[in-house]
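Worksheet for the structure shown next.
Protein chains: 2
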Amino acid sequence: MDTTQRTEQQRSADRRRRELLEAADRVVLRDGPQASMNAIAAEAGITKPILYRHFGDKGGLYAALAKRHTDALLNSLRAALDAPAERRERVEATLDTYLAAIEARPQVYRFLMHPAEGSTGAEQGFDVGKHSAPLLRRMGEELAQVIEDRLDLGPNSQQLARVWGHGIVGMMHAAGDWWLGEQPCSRAELVKSLADLLWGRLAAAGDKIGGPGF
Amino acid sequence: MDTTQRTEQQRSADRRRRELLEAADRVVLRDGPQASMNAIAAEAGITKPILYRHFGDKGGLYAALAKRHTDALLNSLRAALDAPAERRERVEATLDTYLAAIEARPQVYRFLMHPAEGSTGAEQGFDVGKHSAPLLRRMGEELAQVIEDRLDLGPNSQQLARVWGHGIVGMMHAAGDWWLGEQPCSRAELVKSLADLLWGRLAAAGDKIGGPGF
DNA sequence: AGACTCGGGTTACCGCTAGTAACACATTAT
DNA sequence: ATAATGTGTTACTAGCGGTAACCCGAGTCT
């Protein structure tokens, strides 16, 4: 068991792992969040136990799969947010990037956002909160970091930035989810409406005649 | 089978139904979203098929249970939003009401927001999107209505109001979810930070020295 | 050569879930 | 008395996540 052999094995295992993840990807793309371990194993041309040897349990496979997509999406978002342009323009570009991604691959999006949380998993510390929506959490934290790094928010800036990060991400998510289901307008319109909201148009709006105004 | 008898049966069925829902409530409060039909039936002192006769399938029971809490919460929110006060004050009161509700009964909140979508349910048209988060959808639509009714948003006000309704609800939801998990600050602080965001403080913030500003 | 470990793979199972078919008892209508 | 109807139970199916036990081929030590 010299090092050469070990790296050999490791590389083989890594290749296998990638194959399995790609097979899982295909199944998820086909079946949505209901993708079963059996189906994934079959798609990969092998049987369940080796899936479990690689990923531990369904949560592990989910985490690995989610990480791929999450990383890819986060990279796109970072790029949009770092492009050389006005602040508002960059905010719009970032919103648009996110919405374009979920529009292009809704099945993957559903898998990431509405995973079918295990049925059996009574014990063994499978915490729902930790796996339920890591994408939202990561986006929220990253955005918080960006906000805190670049904006001058006065005292308590860290806490404010985190609230805003998660809040803005949640706004984007919910609006995107609704929009994806109903397609009530074009992506560009949605982006502009959301940016307007963030830009304080809500506070600036006048009351309608006759009522106390919301 | 005269009418008297029929109403008699109906009333009995309704009473039964309420008992079952209360039992389900207790189980959900105890076990969270993992509550099984078996457990609920046991808690109610009866067996599964009766549950199925009343609610069709798990989705039906979920919907009935969710409707109760959703209606109650929506009533609180409407009350907070309709109180006689300044617009911003009312927005803060509404946010606070929502956050207080999820803080007081996190298990119920988890059940409403992160339901364990059936494991078996391959076919029979159990659409995830329709049951996954009816609370968020309803809140979004209601808020949209309020916004459109009371604010003067110029042309395209309906679409704008709906985007904002869902967006604001999503902001509240995501921030609340994160806050519930980490308890990083008091409820009042969270409320104020979110209201500040809605009031355009993001757009008004100055860039930090040295960077291009987010 | 021959025994021997060892990694990758499969079969066959467990316990659980949602959901259902079929049967049993009581009450009421005819 | 007897048929029908509602109310409940037992006992089952099918499928899930997860695992124990076995199996086989390739390299290794004696």
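Chains as they are written, first to last, in our numbering: chain G, 1 to 214; chain U, 215 to 428.
The C-beta atom is built at its ideal place from N, Cα and C for all residues, glycine as well.
Distance between residue j and residue i (C-alpha atoms, nearest Å)
{"i": "A80/G", "j": "L279/U", "result": "42 Å"}
{"i": "E331/U", "j": "A174/G", "result": "Confidence is the limiting factor: at E331/U the pLDDT is only 45, short of 50, which leaves the residue's position unreliable, though a coordinate-based value still follows. Taking the straight line joining both Cα atoms gives about 19 Å."}
{"i": "R364/U", "j": "I168/G", "result": "24 Å"}
{"i": "R240/U", "j": "E317/U", "result": "17 Å"}
{"i": "R137/G", "j": "D228/U", "result": "42 Å"}
{"i": "W393/U", "j": "K406/U", "result": "13 Å"}
{"i": "S12/G", "j": "Q183/G", "result": "45 Å"}
{"i": "Y276/U", "j": "A204/G", "result": "40 Å"}
{"i": "S155/U", "j": "R201/G", "result": "Residue 155/U lies beyond the range of chain U shown here (215 to 428); nothing can be said about it."}
{"i": "A23/G", "j": "P49/G", "result": "15 Å"}
Cut-off 8 Å between Cβ atoms - residues of its own chain near residue i, not counting five sequence neighbours on either side
{"i": "L408/U", "result": "L309, M385, M386 and A389"}
{"i": "W199/G", "result": "R88"}
{"i": "A299/U", "result": "A307"}
{"i": "A101/G", "result": "L73, S76 and Y109"}
Cβ neighbour criterion (16 or more within 10 Å) applied to residue i
{"i": "I147/G", "result": "buried"}
{"i": "D177/G", "result": "buried"}
{"i": "G154/G", "result": "exposed"}
{"i": "G343/U", "result": "Because the pLDDT of G343/U is 39, which lies under 50, any placement of that residue in the model is unreliable, and the number read from its coordinates should be weighed accordingly. So G343/U ends up on the exposed side."}
{"i": "E123/G", "result": "Residue confidence for E123/G is low, a pLDDT of 28 falling below 50, so the modelled location carries little weight and cannot support an answer."}
{"i": "G59/G", "result": "buried"}
{"i": "D215/G", "result": "Because chain G here runs from 1 to 214, residue 215/G falls outside it and cannot be looked at."}
{"i": "F214/G", "result": "buried"}
Proximal residues of chain G, C-beta to C-beta of residue i below 7 Å
{"i": "D366/U", "result": "A205, G206, D207 and K208"}
{"i": "L416/U", "result": "W164 and L198"}
{"i": "L349/U", "result": "Result: empty, since nearest Cβ-Cβ is about 11 Å, beyond 7 Å."}
Chain G residues whose Cβ lies nearer than 9 Å to that of residue i
{"i": "P398/U", "result": "Q159, R162 and V163"}
{"i": "V360/U", "result": "F214"}
{"i": "L243/U", "result": "Those within 9 Å of L243/U in chain G number zero; the least Cβ separation is about 16 Å."}
{"i": "L295/U", "result": "F214"}
Residues near residue i by beta carbon distance below 6 Å, same chain, minus five either side
{"i": "S290/U", "result": "T311"}
{"i": "R401/U", "result": "L313"}
{"i": "G354/U", "result": "G379, H380 and V383"}
Contacts that residue i makes with chain U (C-beta to C-beta distance below 9 Å)
{"i": "F111/G", "result": "By Cβ distance, chain U contributes nothing, its closest Cβ being about 11 Å from F111/G, past 9 Å."}
{"i": "L194/G", "result": "V377, W378 and G381"}
{"i": "G140/G", "result": "A388, A389 and W392"}
Sequence-distant residues of its chain with Cβ nearer than 7 Å to residue i (five each side left out)
{"i": "V322/U", "result": "V242, L243 and H283"}
{"i": "Q47/G", "result": "Note on identity: in this sequence residue 47/G is Thr, with Gln being the wrong assignment. For T47/G, where only same-chain residues beyond five positions count, the Cβ hits under 7 Å are A41."}
{"i": "L20/G", "result": "A44, L51 and H54"}
{"i": "G246/U", "result": "Q321, R324 and F325"}
Partners in chain U for residue i, counting only beta-carbon separations shorter than 7 Å
{"i": "H54/G", "result": "None at all; the shortest Cβ gap to chain U is about 22 Å."}
{"i": "L190/G", "result": "V377"}
Contact set between residue i and chain G, taken where Cβ atoms lie within less than 8 Å
{"i": "M385/U", "result": "G167, I168, G170, M171 and A174"}
{"i": "G274/U", "result": "None at all; the shortest Cβ gap to chain G is about 18 Å."}
Residues that residue i contacts on chain U, provided the C-beta gap is smaller than 8 Å
{"i": "R78/G", "result": "Going along chain U, no residue has its Cβ under 8 Å from R78/G, so there is no contact; the nearest lies around 11 Å."}
Identify every run of the alpha helix (DSSP H) within the region 338–402 of chain U, keeping only runs that are complete inside it and at least 4 residues long; order them along the chain.
342–345, 348–364 and 371–396
Could you tell me which uninterrupted alpha helix (DSSP H) segments, each at least 4 residues in length, are contained entirely in the region 11–81 of chain G, listed from first to last along the chain?
37–43 and 48–55
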